[in-house]
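Colleague: Residue numbers (the numbering used here): 223 to 609.
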């Protein structure tokens, strides 16, 4: 496809009808109107295509964008510091995105004031997991006592690290008792289990499922860089195992991202959603195939299948054009007994009768034995003697 054609398509591509957009100050205004149909289609299709495991993770992903946008976020502690924030529910084993939502900023909806932002995100993403014996992990941005109790009522098991200054936490997090590395304390409160464990610093975990008494061992590095065996509550080890789902997706997505620079704020979101679909498809293919397959050949084959049948039209060869200042060879000579027209090599270079111009001079040592005109061997010789 010519570059001009590609640029024209990108300039005019749309996902939604702009004539149906609701004005900003009216009820029902959607900041993501430009890409809303695609978001809804993917959120409906992703769960149908994949039977996720019992272990899932809720975390945030970032879409790089440095232009102007009312929904752009600044995350100083993230590798991608400026861009759009995407809340994701991912399968812990594979990194498959089951559901996602793009953050558009603060809301004034009175119905949502019973829960904080992190709590609303988890409740929304896990709404389809009720009473399915699933375990969901999330970090301290989301975790609260209120959220854990709500999920337990919905039949969803959960665990997550928690900030020690959250409301209604058990008293164990306020305990000033000094622990040695590997030691931990726990407390039970209303079917919730609170664990405080000392690694290099205090780790606070809240869960509505795991027994806090169960322990295992881990091999963290000490200050000298050497690994040493440390006792650890099983709930902490399970958290580390389950929590990496979205990180696996980010790793696959960033390796061969299709994103391109654009002045249009929603183009970056469109590219990200295309990448998300490709990564999910790649994960499905890996599950169904026994041998290892790399992502690059998969993307290449996918592109060929999508492009097949829509490639650019083949252009016909340009008709033979004779130079006006040269004597034309009569058709009776040029086209007669073509098999007897043979290229012969000359001692000097002369301008090719067919392809040489004033702007781009082409010289050749070969001449047609019958027509007595200089011609390049390829492709001018055959074209000159063709009809």
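Don't be surprised by glycine CBs; every beta carbon is placed ideally from N, CA and C.
Hey, quick one: how far does the alpha helix (DSSP H) through residue 473 stretch, first residue to last?
Modeller: 467-477
Colleague: Could you check which residue in 588, 584, 580 and 581 has the C-alpha nearest to that of residue 568?
Modeller: 588
Colleague: Please list, in chain order, all residues of the same chain as residue 343 whose beta carbon is under 6 Å from its beta carbon, the five residues on each side excluded.
Modeller: 309
Colleague: With a Cβ-Cβ cutoff of 7 Å, do residue 428 and residue 498 count as a contact?
Modeller: no
Colleague: Could you tell me the distance, in whole angstroms, from the CA atom of residue 434 to the CA atom of residue 259?
Modeller: 44 Å
Colleague: Smallest Cα separation from residue 254: which of 326, 398 and 496?
Modeller: The residue with the shortest Cα to Cα distance from residue 254 is 326.
Colleague: Can you tell me the Cβ-Cβ gap for residue 504 and residue 474, rounded? I've got them flagged as a contact below 8 Å.
Modeller: Distance from residue 504 to residue 474 at the Cβ level is roughly 7 Å; contact confirmed, criterion being Cβ atoms closer than 8 Å.
Colleague: Could you tell me the alpha carbon to alpha carbon distance between residue 261 and residue 495, rounded to whole angstroms?
Modeller: 8 Å
Colleague: Look up residue 307 in the DSSP assignment and give the residues it is bridged to.
Modeller: 284
Colleague: State the DSSP-derived secondary structure class of residue 602, mapped to helix, strand or coil.
Modeller: helix
Colleague: List the whole-angstrom C-beta distance separating residue 313 from residue 278, where the pair is believed to meet the contact cut-off of C-beta under 8 Å.
Modeller: 6 Å
Colleague: Ordered along the chain, which non-local residues of its own chain (more than five positions away) have a Cβ less than 6 Å from that of residue 243?
Modeller: So the list reads 255, once near-sequence residues are dropped.
Colleague: Our contact map puts residue 379 next to residue 318 with C-beta atoms below 8 Å; I'd like the distance itself, whole angstroms only.
Modeller: That belief does not hold up - the Cβ atoms of residue 379 and residue 318 are roughly 20 Å apart, past 8 Å.
Colleague: Below 6 Å CB to CB, which residues in the same chain sit around residue 461 once its five sequence neighbours on both sides are set aside?
Modeller: 359 and 381
Colleague: Threshold first: 4 residues or longer. Then list the alpha helix (DSSP H) segments lying entirely within the region 486-532, N to C.
Modeller: 489-510 and 517-529
Colleague: Given this structure, state the Cα-to-Cα distance separating residue 472 from residue 284, to the nearest angstrom.
Modeller: 9 Å
Colleague: Tell me which residues share the same chain as residue 484 and place their Cβ nearer than 7 Å to its Cβ, disregarding the 5 neighbours each side in the sequence.
Modeller: 490
Colleague: Is residue 321 closer than 7 Å to residue 265 when the C-beta atoms are compared?
Modeller: Their beta carbons are under 7 Å apart, which means residue 265 touches residue 321 by this criterion.
Colleague: Need the endpoints of the beta strand (DSSP E) that residue 416 sits in, please.
Modeller: Start and end: 414-420.
Colleague: Is residue 276 near residue 407, with beta carbons less than 7 Å apart?
Modeller: Not closer than 7 Å, so no.
Colleague: So, helix, strand or coil for residue 409, using DSSP?
Modeller: strand
Colleague: May I have the straight-line CA-CA distance separating residue 426 from residue 465, to the nearest angstrom?
Modeller: 15 Å
Colleague: Comparing alpha-carbon positions, which option in 591, 420 and 413 lies nearest residue 397?
Modeller: 420
Colleague: According to DSSP, is residue 231 part of a helix, a strand, or is it coil?
Modeller: helix
Colleague: To the nearest angstrom, report how far apart residue 395 and residue 293 are at their CA atoms.
Modeller: 35 Å
Colleague: Which residues share a DSSP beta bridge with residue 590?
Modeller: 565
Colleague: In the DSSP output, which residue or residues are listed as bridge partners for residue 357?
Modeller: 277 and 379
Colleague: So, using beta-carbon positions, are residue 200 and residue 392 closer together than 7 Å?
Modeller: Nothing in the structure corresponds to residue 200, since the chain is present only between 223 and 609.
Colleague: Taking just the CA atoms, how far does residue 368 sit from residue 341?
Modeller: Distance between the alpha carbons of residue 341 and residue 368 is about 8 Å.
Colleague: Out of 603, 363 and 337, state which residue places its alpha-carbon closest to the alpha-carbon of residue 372.
Modeller: 337
Colleague: Note down, in chain order, each residue of its chain lying with its Cβ closer than 8 Å to the Cβ of residue 599, except the 5 sequence neighbours on either side.
Modeller: 565, 586 and 588
Colleague: Please classify residue 509 as buried or exposed, where buried requires at least 16 other C-beta atoms within 10 Å of its C-beta.
Modeller: Residue 509 counts as exposed, since fewer than 16 other beta carbons sit within 10 angstroms of its beta carbon.
Colleague: Helix, strand or coil: how does DSSP classify residue 573 here?
Modeller: Three-state result, residue 573: strand.
Colleague: Classify residue 305: buried if its beta carbon has 16 or more other beta carbons within 10 angstroms, exposed otherwise.
Modeller: buried
Colleague: Give the secondary structure of residue 342 by DSSP, where H, G and I count as helix, E and B as strand, and everything else as coil.
Modeller: Here residue 342 carries a helix assignment [DSSP, helix/strand/coil].
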